[in-house]
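Undergrad: Pasting in a structure now, in structure tokens, and then I'll have a few things to ask.
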Amino acid sequence: MDPVAFEVFGIAVRWYGILISSGLVLGTILAIKECRRIGFNEETLIDLLIFAIPIAVIGARLYYVIFQWDEYRGNLMKIVNTRGGGLAIHGAIIGAVVTAVIFCKIKKISFWQITDITAPSIILGQAIGRWGNYINKEAYGTPTDLPWGILVNGQKVHPTFLYESIWNFAVFIFLIWYRKNKSDTKGEVFLLYLILYSFARFFIEGLRIDSLMLGNIRVAQLISLCIILVSIIILVIKKKKNVKNV
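Numbering (the working numbering), first residue to last: 439 to 684.
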């Protein structure tokens, strides 16, 4: 499949960008509906997204560049050419979280509440966006003889984009159900998102051949383990506090 969907005045519009944009739009609509359901000011959410989305993209790019510095040190202008590829979801999450923390402090609103509103939207966007990797023939895994392997450059490999996409869709459905029926602690849905996504990412990353590396360590695996540990600790503390306040 051609990575370029169509051209506008000679500028290529890629399927990857279309899929990412679609995920953002659907995620925003979903978050707005949740705002209306719980009585949260949806204009406040939109104000946050105006800042968080571009900063998340910048964070995703900087994260990738930092761990691929040898590729960019000789041509710094190449850093801004995101059309050449190179975005990392962990960088996007870090950028968005930092933005949300600052925004919520300025607006004097609950950081944990707004992350619970947006968490399912984030994982939905990730599930959709992974199909852009398929079209670009990237983020695939090691060679395999399994029947669901895909051909890349004449070799049958693990469709790691598919593994993650399926898992992300499942987590999305779970978070929507959990938020509506089980959640009783602010931040719980967001923390569960971090734990569940990172759990799968750790194992899927082990199959990929294009991992960002820190020496002999796969960065995504290291970050995933740290996120799981920190998120579990925070979740346990918050749940205990919630029980005491009942």
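We put the CB at the ideal spot given by N, CA and C, even for glycine.
Measuring straight from C-alpha to C-alpha, what distance separates tryptophan 569 and leucine 589?
TA: Against the sequence shown, residue 569 aligns to sequence position 131. Against the sequence shown, residue 589 aligns to sequence position 151. So the alpha carbons of these two residues sit roughly 15 Å apart.
Undergrad: What does the alpha-carbon distance come out to for the pair tryptophan 615 and asparagine 479?
TA: Numbered from its first residue, the sequence shown carries residue 615 at position 177. Numbered from its first residue, the sequence shown carries residue 479 at position 41. If I take the Cα positions, the gap works out to 22 Å.
Undergrad: Quick one: using the 10 Å Cβ neighbour count with 16 as the cut-off for buried, is isoleucine 671 buried or exposed?
TA: The count along the sequence shown starts at 1 and reaches residue 671 at position 233. Counting Cβ neighbours within 10 Å, isoleucine 671 comes out exposed, since fewer than 16 surround it.
Undergrad: Kindly confirm or deny that the stretch 470–479 and the stretch 487–499 touch, where touching means at least three C-beta pairs closer than 8 Å.
TA: Verdict: no, contact absent.
Undergrad: Is it true that the CB of tyrosine 502 sits closer than 7 Å to the CB of glycine 524?
TA: As a first step, residue 524 is located in the sequence shown; it is residue number 86 there, counting from the start. As a first step, residue 502 is located in the sequence shown; it is residue number 64 there, counting from the start. Their beta carbons are under 7 Å apart, which means glycine 524 touches tyrosine 502 by this criterion.
Undergrad: Excluding five sequence neighbours on each side, which residues of the same chain lie with their C-beta closer than 8 Å to the C-beta of phenylalanine 641?
TA: Here residue 641 refers to the residue found at position 203 of the sequence shown. Hits under 8 Å: none found.
Undergrad: Taking just the CA atoms, how far does lysine 545 sit from glycine 529?
TA: Within the sequence shown, numbered from 1, the residue matching residue 529 stands at position 91. Within the sequence shown, numbered from 1, the residue matching residue 545 stands at position 107. If I take the Cα positions, the gap works out to 24 Å.
Undergrad: Please report how far the alpha carbon of glycine 567 lies from the alpha carbon of isoleucine 560, in whole angstroms.
TA: For the purposes of this step, residue 567 is identified with residue 129 of the sequence shown, where counting begins at 1. For the purposes of this step, residue 560 is identified with residue 122 of the sequence shown, where counting begins at 1. Looking at the two C-alpha atoms, the distance is approximately 10 Å.
Undergrad: Since leucine 562 contacts leucine 464 with CB under 8 Å, what's their CB separation in whole angstroms?
TA: Position 124 of the sequence shown, counting from 1, holds the residue named residue 562. Position 26 of the sequence shown, counting from 1, holds the residue named residue 464. The pair is a contact, with the Cβ atoms about 6 Å apart (cut-off 8 Å).
Undergrad: Which value, in whole angstroms, describes the spacing of the CA atoms of arginine 646 and glycine 477?
TA: By one-based count along the sequence shown, residue 646 stands at place 208. By one-based count along the sequence shown, residue 477 stands at place 39. For arginine 646 and glycine 477, the distance between alpha carbons rounds to 42 Å.
Undergrad: Can you tell me which of the three DSSP states phenylalanine 607 falls into?
TA: As a position in the sequence shown, residue 607 is number 169, starting the count at 1. Here phenylalanine 607 sits in helix by DSSP.
Undergrad: Could you tell me which of Gln564, Val627, Leu457 sits nearest to phenylalanine 607, measuring between CA atoms?
TA: By 1-based counting over the sequence shown, the position of residue 607 is 169. Closest by alpha carbon: Gln564.
Undergrad: Counting beta carbon pairs with one atom in the stretch 593–604 and one in the stretch 569–582, are three or more of them shorter than 8 Å?
TA: Yes, since at least three Cβ pairs between the stretch 569–582 and the stretch 593–604 fall closer than 8 Å, the two stretches touch.
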